[in-house]
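Asks: Just so we're on the same page, our numbering is the position in the sequence shown counted from 1, plus 240. One structure coming up, written as structure tokens, with questions to follow.
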Amino acid sequence: MKTIGRNDQCECGSGKKYKKCCGNHAAVNIDELVLGELEILQAQAYDFIAVHNSEELESDYHRYFSEMNVMNKDQEIYEMAFLSWYGVTKKLEGGQSLMERFVEKQGRTVTRPQTLESLEAWKSPRLAAGVVTSAKGSELIIEDTVEGETFDVKGANPEIVEGCFFIGILLQNGGSYLPFAQYFVYPGIAGTCKDAMIERMRNAGKDSVEEYLTTNYLYLADHCFYLFTESGDAVQEKVEAALEETPAEGNPAYTEAVDSMKAFLTEQGETQANIEKAAKLLSQYFESESPKIRNPQIYSASIIEVIKGETELKKDYLQKDLAEAFGVSANSISRRSKEMKKIILAVV
């Protein structure tokens, strides 16, 4: 761990002594400062990817979703996994990925050289799969048991334990890595996941783990979820519970989604009849599909997007306006509303 003294030159690149720049007291850990900045940047990178709108992204999103066996039971996990993978692997017009575009744009605002150096390396992120051989708080050592490479990961979920199988996208953090957005850990079945990956690599004609994951990342993650549910050990109950569909009745996330939507439409001056109609349709959707919800606001906005063409509302609510009002991305509303329409419009 690197520290810097008060009279040392500040590593932010200002050319000043640390005591007259970034610090007022005793020495601090520069690595922790950089990690904090990188964690903010990786969240911004995901948001940058999430607001990208293209027919190709939408088509791939729905195609892969239809091919999932387990992950499509939790659409929000799938969405984060898809967007993070798509954002770092898919080459757009001009030959750049969305992550490369983000780095070029955001790099102009980064002043600390150590942070900027890591950010530039995000243009070539690592896709990794292997066993967690060490877990100390938020720091992990992941060993690629096929090729023998090890990854020092910082900023991971501190509840991860040794022996898990890990699948994720890793972003440079100096000599270590930061896990990007949605990553996966499977405790108790590391050997089974490894064997399945090797077999699938062989069938795909891929010798490199990273080359295989570039095109098969979602399939492997989903298959390991399936292996969870098929395993006979104690972890099966935990995974089934994580993927279990929650009953609509009494679910606080469902209640929040309905109440938030009603409050918004009331504020906009919509009629009570239309507000109650929207609330009824959203509640029926929850009862029918029982989705797992991490952000109720997406559903609040999406139900308005679904019914606005079928109901005489006082205003024409654009997706970008709904996104701003509910604090979500327009793409999230677009994707969720398309799924909801299949169920809801049959009732409208």
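Even glycine gets a Cβ: it sits at the ideal position worked out from N, Cα and C. The model shown is predicted, which means the values in this text are computed figures rather than measured ones.
How should Val-401 be labelled, buried or exposed, when 16 other C-beta atoms within 10 angstroms of its C-beta is the threshold for buried?
Replies: In the sequence shown, the residue the question calls residue 401 occupies position 161. So Val-401 counts as exposed.
Asks: With distances taken between CB atoms, is the gap from Ile-382 to Phe-420 smaller than 9 Å?
Replies: On the sequence shown, residue 382 is found 142 positions in, with the first residue counted as 1. On the sequence shown, residue 420 is found 180 positions in, with the first residue counted as 1. No, they are not a contact pair.
Asks: According to the neighbour-count rule (16 or more other Cβ atoms, all chains shown, within 10 Å of its Cβ), is Thr-385 buried or exposed?
Replies: The residue labelled residue 385 in the question sits at position 145 within the sequence shown. Buried: at least 16 other Cβ atoms inside 10 Å.
Asks: Where DSSP assigns a beta bridge to Thr-355, which residues make up the other side?
Replies: Locating residue 355 in the sequence shown gives position 115, where the first residue counts as 1. In the DSSP output, where bridge partners are listed per residue, Thr-355 has none listed.
Asks: What three-state label does DSSP hand Gln-282 in the structure shown?
Replies: As a position in the sequence shown, residue 282 is number 42, starting the count at 1. Correct three-state label for Gln-282: helix.
Asks: According to the Cβ coordinates, are Leu-453 and Ala-368 closer than 9 Å?
Replies: Counted from its first residue, the sequence shown places residue 453 at position 213. Counted from its first residue, the sequence shown places residue 368 at position 128. Yes, these two residues count as a Cβ contact at 9 Å.
Asks: Under a three-way DSSP split, which group does Phe-420 fall into?
Replies: Here residue 420 corresponds to residue number 180 of the sequence shown, with the count starting at 1. Correct three-state label for Phe-420: coil.
Asks: Just to confirm my understanding: we take Leu-562, look at its own chain, exclude 5 residues before and 5 after, and list those with CB closer than 7 Å. What are they?
Replies: Indexing the sequence shown from 1 puts residue 562 at position 322. Ala-541, Ile-544, Glu-545 and Ile-573.
Asks: Is it right to say Ala-497 is buried, meaning 16 or more other beta carbons lie within 10 angstroms of its own, or is it exposed?
Replies: Numbered from 1 along the sequence shown, position 257 holds the residue referred to as residue 497. With 16 or more other Cβ atoms within 10 Å, it is buried.
Asks: Across which residues does DSSP place Val-372 in a beta bridge pair?
Replies: Within the sequence shown, residue 372 is the residue found at index 132, counting from 1. Note: Val-372 sits in a beta bridge opposite Ile-382.
Asks: For Arg-341, write down the residues that DSSP places opposite it in a beta bridge.
Replies: Here residue 341 refers to the residue found at position 101 of the sequence shown. None, per the DSSP bridge assignment.
Asks: Considering only their Cβ atoms, is the gap separating Leu-467 from Tyr-426 smaller than 9 Å?
Replies: Mapped onto the sequence shown, residue 426 falls at position 186. Mapped onto the sequence shown, residue 467 falls at position 227. Yes; because the gap between Cβ atoms is below 9 Å, this pair is in contact.
Asks: Since I believe Met-311 is in contact with Ile-317 (beta carbons under 8 Å), could you give me their beta-carbon distance rounded to a whole number of angstroms?
Replies: In the sequence shown, residue 317 corresponds to position 77, counting from 1. In the sequence shown, residue 311 corresponds to position 71, counting from 1. That pair is a contact at about 6 Å.
Asks: So, with DSSP's three-state summary, where would you put Lys-555?
Replies: Position 315 of the sequence shown, counted from the start, is the residue given in the question as residue 555. Coil.
Asks: Starting from Val-393, trace the beta strand (DSSP E) both ways and give me its first and last residue.
Replies: To locate residue 393, count along the sequence shown from 1; it is residue 153. 390-394 is the extent of the beta strand (DSSP E) around Val-393.
Asks: Is the beta carbon of Gly-395 less than 9 Å from the beta carbon of Leu-359?
Replies: On the sequence shown, residue 395 is found 155 positions in, with the first residue counted as 1. On the sequence shown, residue 359 is found 119 positions in, with the first residue counted as 1. By the CB criterion at 9 Å, Gly-395 and Leu-359 fall outside the cutoff.
Asks: Alpha carbon to alpha carbon, how far is Ser-378 from Leu-338? Give it in angstroms, no decimals.
Replies: Along the sequence shown, one-based indexing puts residue 338 at 98. Along the sequence shown, one-based indexing puts residue 378 at 138. Answer to the nearest angstrom: the Cα atoms are 27 Å apart.
Asks: Three-state secondary structure (DSSP) at Arg-442?
Replies: Counting from 1 along the sequence shown, the entry for residue 442 is found at position 202. Helix.
Asks: State the DSSP-derived secondary structure class of Lys-578, mapped to helix, strand or coil.
Replies: In the sequence shown, residue 578 corresponds to position 338, counting from 1. Here Lys-578 sits in helix by DSSP.
Asks: Please tell me whether Val-274 and Gly-415 are closer than 9 Å, where the distance is taken between their beta carbons.
Replies: Residue numbering aside, residue 274 sits at position 34 when the sequence shown is read from its first letter. Residue numbering aside, residue 415 sits at position 175 when the sequence shown is read from its first letter. Not in contact: Val-274 and Gly-415 (Cβ atoms no closer than 9 Å).
Asks: How many angstroms separate the CA atom of Asn-443 from the CA atom of Cys-433?
Replies: Numbered from its first residue, the sequence shown carries residue 443 at position 203. Numbered from its first residue, the sequence shown carries residue 433 at position 193. Taking the straight line joining both Cα atoms gives about 15 Å.
Asks: Am I right that Met-437 and Leu-460 are in contact with their C-beta atoms under 8 Å? What's the rounded C-beta distance?
Replies: Against the sequence shown, residue 437 aligns to sequence position 197. Against the sequence shown, residue 460 aligns to sequence position 220. Right, the Cβ-Cβ distance comes to about 6 Å (below 8 Å), so this counts as a contact.
Asks: Tell me whether Cys-250 sits in a helix, a strand or coil according to DSSP, three-state version.
Replies: What you label residue 250 is simply residue 10 of the sequence shown in a count that begins at 1. Note: Cys-250 maps to coil in three-state DSSP.
Asks: What is the DSSP secondary structure of Asn-571, counted as helix, strand or coil?
Replies: Position 331 of the sequence shown holds residue 571. Reduced to three states, the DSSP call for Asn-571 is helix.
Asks: To the nearest angstrom, how far is the alpha carbon of Lys-376 from that of Pro-398?
Replies: As a position in the sequence shown, residue 376 is number 136, starting the count at 1. As a position in the sequence shown, residue 398 is number 158, starting the count at 1. C-alpha separation (whole angstroms): 7 Å.
Asks: Determine the direct distance from the alpha carbon of Lys-520 to that of Met-580, and round the result to whole angstroms.
Replies: Here residue 580 is taken as the residue at index 340 of the sequence shown, counted from 1. Here residue 520 is taken as the residue at index 280 of the sequence shown, counted from 1. For Met-580 and Lys-520, the distance between alpha carbons rounds to 14 Å.
Asks: Would you identify the three-state DSSP class for Ile-409, choosing helix, strand or coil?
Replies: On the sequence shown, residue 409 is found 169 positions in, with the first residue counted as 1. Strand at Ile-409.
Asks: Determine the DSSP secondary structure at Asn-514, reduced to helix, strand or coil.
Replies: For the purposes of this step, residue 514 is taken as residue 274 along the sequence shown, with counting starting at 1. Under the three-state reduction of DSSP, Asn-514 is assigned to helix.
Asks: Return the CA-CA distance between Gly-567 and Glu-439, expressed in angstroms with no decimal places.
Replies: If you number the sequence shown from 1, residue 567 lands on position 327. If you number the sequence shown from 1, residue 439 lands on position 199. Spanning the two alpha carbons is a distance of roughly 43 Å.
Asks: Give a yes or no on whether the C-beta atoms belonging to Gln-354 and Ile-270 are separated by under 9 Å.
Replies: On the sequence shown, position 114 is the one that residue 354 refers to. On the sequence shown, position 30 is the one that residue 270 refers to. Yes, they are a contact pair.
Asks: In three-state DSSP terms, what is Arg-534?
Replies: The residue you call residue 534 lines up with position 294 of the sequence shown. In the structure shown, Arg-534 sits in coil (DSSP, three-state: anything other than H, G, I, E or B).
Asks: Report the rounded CA-to-CA distance for Asn-571 versus Ile-547, giving the unit in angstroms.
Replies: Counted from its first residue, the sequence shown places residue 571 at position 331. Counted from its first residue, the sequence shown places residue 547 at position 307. Distance between the alpha carbons of Asn-571 and Ile-547 is about 17 Å.
Asks: Apart from the five residues on each side of it in sequence, which residues of its chain come closer than 6 Å, Cβ to Cβ, to Ser-577?
Replies: The residue labelled residue 577 in the question sits at position 337 within the sequence shown. Hits under 6 Å: Ser-542, Glu-545 and Val-546.
Asks: Measure how close the beta-carbons of Leu-323 and Tyr-286 come, nearest whole angstrom, since I'm counting them as under 8 Å.
Replies: Against the sequence shown, residue 323 aligns to sequence position 83. Against the sequence shown, residue 286 aligns to sequence position 46. 7 Å between Cβ atoms; contact.
Asks: Of the choices Arg-534, Ala-503, Ile-515 and Phe-504, whose alpha-carbon is the least far from that of Tyr-494?
Replies: Within the sequence shown, residue 494 is the residue found at index 254, counting from 1. That would be Arg-534, whose Cα lies nearest to the Cα of Tyr-494.
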